[in-house]
Structures are given as structure tokens and as C-alpha cells.
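Just below is one structure, and these are the notes that go with it.
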Amino acid sequence: MPEMIPTRDGFGNELVKLGQENPKVVVFSGDLEDATRAEYFKKAFPERFFNLGIAEQDVIGTAAGMSMQGFIPFATSFAVFLTNRAYDMIRLDVCYNKCNVKIVCSHTGVTVGEDGASAQCLEDFALMRVLPNLPVICPVDAIEAAKATRWLVENDGPAYMRTSRAPFPVITKPEDPFVVGKANVIREGKDITLIGCGITVWESLQAAEILEKEGISARVVNMHTIKPIDEKTIIKAAKETGAIVTSEEHQIHGGLGSAVAEVLVRTYPVPMEMVAVQDTFGETGTPNELLKVYHLKDVDIAQAARKAVRRKK
5 MPEMIPTRDG FGNELVKLGQ ENPKVVVFSG DLEDATRAEY FKKAFPERFF NLGIAEQDVI
65 GTAAGMSMQG FIPFATSFAV FLTNRAYDMI RLDVCYNKCN VKIVCSHTGV TVGEDGASAQ
125 CLEDFALMRV LPNLPVICPV DAIEAAKATR WLVENDGPAY MRTSRAPFPV ITKPEDPFVV
185 GKANVIREGK DITLIGCGIT VWESLQAAEI LEKEGISARV VNMHTIKPID EKTIIKAAKE
245 TGAIVTSEEH QIHGGLGSAV AEVLVRTYPV PMEMVAVQDT FGETGTPNEL LKVYHLKDVD
305 IAQAARKAVR RKK
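Numbering (the numbering used here), first residue to last: 5 to 317.
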């Protein structure tokens, strides 16, 4: 079993390094910096950290204003609060004006776990990817989260990144490539392609092991960028393997699966199945329990793959 680290830790640690390198980096919090790991930056640079309280609209509006003064602001909170309560401000203040605001939200998906349904954001991909000018990033592990955080600072313009509360398996290496908008194929296969993001990439790798024992060769793709989606990798996978399964800890509507389907229906339709939360809210439980309850585990991905492969015939 690989090392387990929350992706929020990768974000928090890299943010401190970036703060040391660039005095223009500032951080805004909605009173949840301990949970988002923005507290690491707060301890290192208290004069550049601002807790605006439980006022998510103010967090986004103030961050947008600071970006117009040449700063690189990070707006942080739980995803369920920042993407929902401050949506109008994200849309108009940040995206419409192309403000250089980095929206980084933790506590996403059902792996929020014991915090329960009110804290589990299962809609953020759908909400964020529809907004013009806004890349949407979902790191697979803590190493990739650190790389993505650095990308946020080095690239001008708004962006959204989701991070995890629960520890995720570390499956990448520091030397592995990370390019926003370009997926990484982390296992080759010829019969079907499994496309995941975040924790479901690990589950897809385990599903590939299950399928291999049945004589099904599964390619696994880490689609760390939901928008802009990597159309070339998707089309190549469709042509070479003939079937695709997407998986995500997000609602089945509007997320990774929808983004991949939008590409395929326009370019190269193949049998496709989606493993996701089936139009329902979450509940309280441990992360692994909830992955099982909402059918987001390796066995569920493997079952969807068998169905997609059968449809090829």
C-alpha cells in the first residue's frame, strides 16, 4: 500500500514555499484555514494572511480586488461553502474580469467522511467548469497537488482546485510530468480505458488489476484537469481501446463523466459507462465506507468496465 497523504497537505506545504519565493502571494480564508491547510501560510506569513470569517462572498470579492492591485490571492474554504455561497462573486468578480484569483477548496466528495452531507461538496466540477475563463483541477495525490499549486502562481488568470480531507494514496513521483490540460496515462491497456480523477484514479488502478485476472486489459488515465479537458488523450483512448469508463466522487451530472462524454459524442462515440454519485446527497461515515455505499470502489469500476466491454460486441 502506498503512503497516504491528504492532497490538502500538498497544497498547504507548497503554498508556504511559494510565499517565500513571491511576496505577492496572499491568502484569504473563510475561517477554516486549519482544515484547508492555509494555516501553514498563516503561521509563516501572518501579515499576508486574512481571515474574513464565515463570509465567503467577502473572501471572493476581496481576493478579486487584491488581484487588481497586482497581488496573487488564494481564496480558501470548504468547497461546499465557497462554490455555492459565493457563486455570483466567482462568476462576475473573478471570471468575468479574468482576475488572477486562485480558488482552492478542500472537503470535496464523499471522502469528506464523518463531516456528513452538509459538508460534502459533490457538485463543484459542474458548478465551476461551466464558468468561462476558469480551469478546474483535481490533483490525484499530495505530490500532484503541490505541482498544481505552483502552476496556479506561475500562470496568470483565475483557476479552481479541489483538495481532499482524507488521505489519498501517493501514486505519482516528484519527477512525473504535470501539465494542466494534459492527462497522464499511468497504465497501458488495449481493451478498455478507465479515466479517473482524485481518489478514483487509485481505485481504477485496482480495478485494472481485477480485470487483468479476467483477461481484460485496462488502460488507466489520471484526468487531473477537468477543464480544459484533454481531448486528444480521450479520443486516442476511444480509438485504441474501444470503450471508456469514467469515475469520480462527484454527482453523475455535470462532472468528469459529462466532460468526457461531450468529447466522445462530437468526435468518436464508443461504449461508455460512468461511475459517480447517483443524483443524491452524501451521508456520515468513514471515507472508505462511503466509497462503498456510493459504489465508487474498484469493484464498481470493474463491473462498469465489464458492461462497457460487452457493449463493444
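Each residue gets a CB set at the ideal place from its N, CA and C atoms; glycine is no exception.
Element boundaries [beta strand (DSSP E), containing Ile-76]
Start at 1 with the first residue of the sequence shown, and residue 76 comes out as number 72. If you look at Ile-76, you'll find it in the beta strand (DSSP E) that goes 76-82.
Endpoints, the beta strand (DSSP E) within which Thr-197 is located:
On the sequence shown, residue 197 is found 193 positions in, with the first residue counted as 1. From DSSP, the beta strand (DSSP E) with Thr-197 extends over 196-200.
Which two residues bound the contiguous alpha helix (DSSP H) that contains Thr-11?
Residue mapping note: residue 11 aligns to position 7 of the sequence shown, counting from 1. Per DSSP, the unbroken alpha helix (DSSP H) holding Thr-11 starts and ends at 11-25.
May I ask which residues mark the beginning and end of the beta strand (DSSP E) holding Val-189?
Here residue 189 is taken as the residue at index 185 of the sequence shown, counted from 1. 188-191 is the extent of the beta strand (DSSP E) around Val-189.
Strictly by DSSP, which residues pair up with Ala-163?
Walking along the sequence shown from the start, residue 163 turns up at place 159. Bridge partners of Ala-163: Lys-106.
State buried or exposed for Gln-124, treating a residue as buried only when at least 16 other CB atoms are found within 10 Å of its CB.
For the purposes of this step, residue 124 is identified with residue 120 of the sequence shown, where counting begins at 1. A residue is called buried once 16 or more other Cβ atoms fall within 10 Å of its Cβ, and Gln-124 is buried on that count.
What's the C-alpha gap between Gln-320 and Lys-243?
A query on residue 320 cannot be resolved here, the shown segment of the chain reaching from 5 to 317 and no further.
Work out the CA separation of Val-281 and Glu-253 for me, nearest whole Å.
As a first step, residue 253 must be located in the sequence shown, where it is residue number 249. As a first step, residue 281 must be located in the sequence shown, where it is residue number 277. Those two C-alpha atoms are separated by around 6 Å.
Report yes if the C-beta distance between Leu-300 and Val-249 is below 8 Å; otherwise report no.
By 1-based counting over the sequence shown, the position of residue 300 is 296. By 1-based counting over the sequence shown, the position of residue 249 is 245. In this structure, Val-249 does not lie closer than 8 Å to Leu-300 by Cβ.
In or out: Ile-94 buried (at least 16 other Cβ within 10 Å) or exposed?
Residue numbering aside, residue 94 sits at position 90 when the sequence shown is read from its first letter. Burial call: buried.
Please report the straight-line C-alpha distance between Gly-200 and Ala-263, rounded to a whole angstrom.
Reading the sequence shown from its first residue, position 196 is the one you call residue 200. Reading the sequence shown from its first residue, position 259 is the one you call residue 263. The alpha-carbon atoms of Gly-200 and Ala-263 are separated by roughly 12 Å.
Could I get the ranges of all uninterrupted beta strand (DSSP E) runs contained in the stretch 130-180, with 3 residues as the minimum, in chain order?
Within the stretch 130-180, the complete beta strand (DSSP E) runs of at least 3 residues are 163-166, 171-173.
So, for Val-183: in the same chain, excluding its five sequence neighbours on each side, which residues have a beta-carbon less than 7 Å away from its beta-carbon?
Taking the sequence shown and counting its residues from 1, one reaches residue 183 at position 179. Cβ neighbours of Val-183 within its own chain (closer than 7 Å, five residues either side excluded): none.
Pick out the complete alpha helix (DSSP H) segments inside the stretch 251-315, 4 residues or longer, and give them in chain order.
Positions of the alpha helix (DSSP H) runs, each at least 4 residues long and wholly inside the stretch 251-315, are given as 260-271, 291-297 in order along the chain.
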